[in-house]
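These notes are about the structure you will find just below.
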Amino acid sequence: MYKYLFGPVPSRRLGMSLGVDLVPKKVCSLDCVYCEVGKTTNLTIERKEYIKLDKIKEELTNYFNNNPDPDYITFSGSGEP
């Protein structure tokens with residue numbers, strides 16, 4: 090189980106896409122009533138590195154050493170889309 094990676098998920102447009110979540114859940118500059126991940130718990134406009142790059146590299150290395158390559162890698166966040 091990975092903390093920052095999800096999938097791969099099938100995409101009609103991209104094929105198999107491995108997701109990388111760069112923003113912790115619900116860190117967002119908005120609090121939209123229609124948000125698919127619920128109410129914002131950390132409302133902020135501060136720009137910063139929320140997740141250390143080394144942690145993401147470590148998970149990606151482990152993933153690629155143990156799984157077939159996805160067609161694409163998609164970068165996103167559980168907070169601000």
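For what it's worth, this note's numbering labels the leading residue of the sequence shown as 90, then goes sequentially. Think of the CB as a built atom: it goes at the ideal place given N, C-alpha and C, for glycine as much as any other residue. The structure displayed is predicted, hence computed values, not measured ones.
Quiz prompt | At least three beta-carbon pairs within less than 8 angstroms, the segment 97–108 to the segment 151–168 | solution = yes
Quiz item: Where does Y200 fall in DSSP's three states?
Solution: Since the displayed the chain opens at 90 and closes at 170, residue 200 lies outside it and no answer follows.
Quiz item: Does DSSP classify D143 as helix, strand or coil?
Solution: helix
Exercise. Name the residue from K141, K114 and K137 whose alpha carbon lies nearest to the alpha carbon of E125.
Key: K114
Exercise. Please say whether E148 and L94 have beta carbons closer to each other than 8 angstroms?
Key: yes
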